[in-house]
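Below you'll find the structure, written out as structure tokens, and then a few comments.
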Amino acid sequence: MHKNLKIFNSLSRKIELFEPLNTPNVGLYVCGPTVYGDPHLGHARPAITFDILYRYLQHLGYKVRYIRNITDVGHLENDADEGEDKIAKKARLEQLEPMEVVQYYTDRYHEFMKLLNVKSPSIEPRASGHIIEQLGIVEKILEKGYAYESNGSVYFDVEKYNKEHKYGVLSGRVLEDLYSSTRDLEGQSEKKNSFDFALWKKASPTHIMRWPSKYSDGFPGWHLECTAMSARYLGETFDIHGGGMDLLFPHHECEIAQSVIAHGHGPAKYWMHNNMITINGQKMGKSLGNFITLEEFFTGKHQLLKQAWTPMTIRFFILQAHYRSTVDFSNEALEAAGKGLKRLMEGMAQIEKIKAGKNDQFNVEEWSDKCFEALNDDLNTPVLIAHLFDAVKAINSAVAGKIEMSENSVKQLHDLFRLLVVEILGLETETAAEETSETLSGVMDLVLNIRQQAKMNKDWATADKIRDELLAMGIVVKDGKEGATWEVK
RNA sequence: GGUCGGUUGGCCGAGUGGCUAGGCAACGGUCUGCAAAACCGUCUACGGCGGUUCGAAUCCGCCACCGACCUCCA
1 MHKNLKIFNS
11 LSRKIELFEP
21 LNTPNVGLYV
31 CGPTVYGDPH
41 LGHARPAITF
51 DILYRYLQHL
61 GYKVRYIRNI
71 TDVGHLENDA
81 DEGEDKIAKK
91 ARLEQLEPME
101 VVQYYTDRYH
111 EFMKLLNVKS
121 PSIEPRASGH
131 IIEQLGIVEK
141 ILEKGYAYES
151 NGSVYFDVEK
161 YNKEHKYGVL
171 SGRVLEDLYS
181 STRDLEGQSE
191 KKNSFDFALW
201 KKASPTHIMR
211 WPSKYSDGFP
221 GWHLECTAMS
231 ARYLGETFDI
241 HGGGMDLLFP
251 HHECEIAQSV
261 IAHGHGPAKY
271 WMHNNMITIN
281 GQKMGKSLGN
291 FITLEEFFTG
301 KHQLLKQAWT
311 PMTIRFFILQ
321 AHYRSTVDFS
331 NEALEAAGKG
341 LKRLMEGMAQ
351 IEKIKAGKND
361 QFNVEEWSDK
371 CFEALNDDLN
381 TPVLIAHLFD
391 AVKAINSAVA
401 GKIEMSENSV
411 KQLHDLFRLL
421 VVEILGLETE
431 TAAEETSETL
441 SGVMDLVLNI
451 RQQAKMNKDW
461 ATADKIRDEL
471 LAMGIVVKDG
481 KEGATWEVK
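The opening residue of the first sequence carries number 1 in UniProt numbering; numbering runs sequentially from there.
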């Protein structure tokens, strides 16, 4: 019923109505991590952004096949495709088999994604497991004459491609500009032009990750894996291709070129790109060395961090900004996010305590429409969150007896709030209180009863002592009109 | 240098040609034995200069500053 999701398509640079190629099925492909280092805050952004999309599409009733790859080969370290494979390098440094490195960081990635409550994709293919498919595409492109062999490597001929097709449709690049801007990289290259990109790279004698092919013992070029794996699992044309904005050029541009030649058309109907997380106004990234890993956030062990932040605070922090805007990290921003999240989650819990009345001073339907409108508007989570806070205000007022809500409204609000917060935004209560044992709650009832007695006897010393010492143990006592409640901090 | 994007109140962050999100912080009040929580209220911003318009933070132009991409990056 709310099926008028609109998304910003990087290809047209416009907001478009989302219409699947083959309703109710939706194919979604997102570029995953290169597993050669611990996941940092920047990795959390696309994971969470597309997690929201995945969850929301499912909520809308689509059957979604979500592919997020693991890049474990062929990602070259230096410019001009002349560098050393990232994973192989790390492996040599640490005296490990490359696949050990891959396994370790893949596990780490999964571990942290799980903490962030990011759902697993339907399929998580590895580049190294699809060498045959990639070689198949190399073959096709060679056959069609848009690639050339050079010293055992195969390169895509961008200049030739650009004559019949437009290179740069996604990024807005013009080939002529690339001649000048990349001029100084030429020289010892095997490539005809510096902007040609590798489809297959011959491995140097010391290179450990290698596969046989008729061109050479080598490994596939970076852009090829996504073309091969998306085609294999989603078909040659699918609905949405996503990734970070930094992948827009050259990675996604090259994917389109490869696909156009190999399959006769671009891979995806919609392209979506999330913006970067910045730190002091600069992109947080590996190359700048200004990144903070997720583990550091969760433990607080980083010189720039004032304290540890919970996974849900990180998630909420990211969702408070629109995915196409940059979001600037700071302790203050995280602190504000953490407190806001607490208010939101407590508000959700308070719904249970509303005593339904006769009048209805909160229009749930109108509110609900606004919430879905925000989601439909290119996944505008910050606006959705603003609406959620409006509801929190109403909930608190209702609990305080300042406004009335009908029984039906309370029920609707309860269900909708949970749907939006838990199912779609993927926010969960993190307090240990969730796992409160019967024993503890029994003990707490007793303790609070004794305190209540003390209060009635105006024995403030005892009452305060109980409150203060519970606080020291991490249990917050909240006095209310109907007696005290408590929660584990 | 080229291409693209941004500049919003103390901070973070939405947004729209007129009805002026939200969170955090701050201040005042209600409640409370005190406090916390909660509630109510206050704080009215859109880089600069021009232009279009009855009306612009929102559209156009110029300028300034910041950033992304052009090499690996989410």
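Yeah, the Cβ is synthetic: ideal placement off N, Cα and C, and Gly gets one too.
Between which residues of its own chain and residue i is the CB-CB distance below 7 Å, once the five residues before and five after are set aside?
{"i": "Glu149", "result": "Tyr215"}
{"i": "Asp51", "result": "Val118, Lys119 and Gly426"}
{"i": "Val443", "result": "none"}
{"i": "Pro98", "result": "Ile87, Ala88, Ala91, Ile208 and Met209"}
{"i": "Tyr36", "result": "Lys86, Ile87, Lys90, Val101 and Tyr105"}
{"i": "Gln320", "result": "Ala337, Pro382 and Ile385"}
Check the DSSP bridge columns for residue i and list the partner residues they point to.
{"i": "Thr71", "result": "Thr34"}
{"i": "Glu487", "result": "Val476"}
{"i": "Tyr155", "result": "Tyr148 and Ala198"}
{"i": "Arg65", "result": "Gly27"}
{"i": "Met272", "result": "Gly242"}
{"i": "Thr49", "result": "Looking at the DSSP assignment, Thr49 forms no beta bridge with any residue, so it has no partner."}
{"i": "Thr293", "result": "His40"}
{"i": "residue 492", "result": "A question about residue 492 goes unanswered here, because the residues of the chain that appear run from 1 up to 489."}
{"i": "Asn9", "result": "Lys14"}
{"i": "Arg126", "result": "Ile70"}
{"i": "Asp377", "result": "Lys6"}
{"i": "Trp211", "result": "Gly218"}
Within 10 angstroms of the Cβ of residue i, are there 16 or more other Cβ atoms? Answer buried if so, exposed if not.
{"i": "Gln282", "result": "exposed"}
{"i": "Thr71", "result": "buried"}
{"i": "Ser10", "result": "buried"}
{"i": "His456", "result": "For the sequence presented, residue 456 should be read as Met rather than His. Exposed, since its Cβ has fewer than 16 Cβ neighbours within 10 Å."}
{"i": "Phe389", "result": "exposed"}
{"i": "Asp369", "result": "exposed"}
{"i": "Lys402", "result": "exposed"}
{"i": "Lys191", "result": "buried"}
{"i": "Trp486", "result": "buried"}
{"i": "Glu469", "result": "exposed"}
{"i": "Ala231", "result": "buried"}
{"i": "Leu53", "result": "buried"}
{"i": "His251", "result": "buried"}
{"i": "Thr206", "result": "exposed"}
{"i": "Glu332", "result": "exposed"}
{"i": "Met473", "result": "exposed"}
{"i": "Glu19", "result": "exposed"}
{"i": "Leu446", "result": "exposed"}
With distances taken Cα to Cα, identify the nearest neighbour of residue i among the options.
{"i": "Leu420", "options": "Ala461, Leu344 and His251", "result": "Leu344"}
{"i": "Ile385", "options": "Asn359, Gly426 and Trp486", "result": "Gly426"}
{"i": "Gly242", "options": "Thr227, Cys254 and Tyr270", "result": "Tyr270"}
{"i": "Gly340", "options": "Lys301, Gln303, Leu375 and Pro382", "result": "Pro382"}
{"i": "Tyr167", "options": "Val260, Leu416, Asp246 and Asp85", "result": "Val260"}
{"i": "Tyr29", "options": "Glu255, Ile141 and Ser12", "result": "Glu255"}
{"i": "Ile67", "options": "Gln95, Cys31 and Pro39", "result": "Cys31"}
{"i": "Tyr155", "options": "Glu176, Lys201, Glu143 and Lys144", "result": "Lys201"}
{"i": "Leu5", "options": "Ala484, Phe195, Asn380 and Asn408", "result": "Asn380"}
{"i": "Ala463", "options": "Gly474, Pro311 and Asn449", "result": "Asn449"}
{"i": "Ala356", "options": "Asn25, Val399, Asp177 and Lys306", "result": "Val399"}
{"i": "Arg173", "options": "Leu248, Glu139 and Gly42", "result": "Leu248"}
{"i": "Phe112", "options": "Val64, His43 and His165", "result": "His43"}
{"i": "Val364", "options": "Asp415, Lys353, His322 and Ile466", "result": "Asp415"}
{"i": "Ser153", "options": "Gly235, Cys371, Trp211 and His110", "result": "Trp211"}
Helix, strand or coil for residue i? Go by DSSP, reduced to three states.
{"i": "Leu334", "result": "helix"}
{"i": "Pro250", "result": "helix"}
{"i": "residue 527", "result": "As shown, the chain starts at 1 and ends at 489. That puts residue 527 outside it, with no answer to give."}
{"i": "Cys475", "result": "In the sequence as presented, Cys is not what sits at residue 475; that position holds Ile. DSSP places Ile475 in strand when its eight states are reduced to three."}
{"i": "Asn396", "result": "helix"}
{"i": "Ser259", "result": "helix"}
{"i": "Gly27", "result": "strand"}
{"i": "Val240", "result": "Reading the sequence as shown, one finds Ile at residue 240 and not Val. Ile240: strand per DSSP, three-state reduction."}
{"i": "Met345", "result": "helix"}
{"i": "Pro39", "result": "coil"}
{"i": "Lys138", "result": "The question names Lys, but residue 138 in the sequence shown is Val. Looking at Val138 - three-state DSSP - the assignment turns out to be helix."}
{"i": "Ile354", "result": "coil"}
{"i": "Asp217", "result": "coil"}
{"i": "Glu366", "result": "helix"}
{"i": "Thr278", "result": "strand"}
{"i": "Asp328", "result": "strand"}
{"i": "Lys339", "result": "helix"}
Using a Cβ-Cβ cutoff of less than 8 Å, which residues in the same chain neighbour residue i once the five nearest sequence positions on both sides are dropped?
{"i": "Phe8", "result": "Lys14, Ile15, Glu16, Met272, Arg324 and Asp378"}
By Cβ distance, which residues of its chain are closer than 6 Å to residue i, with the 5 residues on each side in sequence left out?
{"i": "Ile279", "result": "Asn290 and Phe329"}
{"i": "Thr310", "result": "Glu430"}
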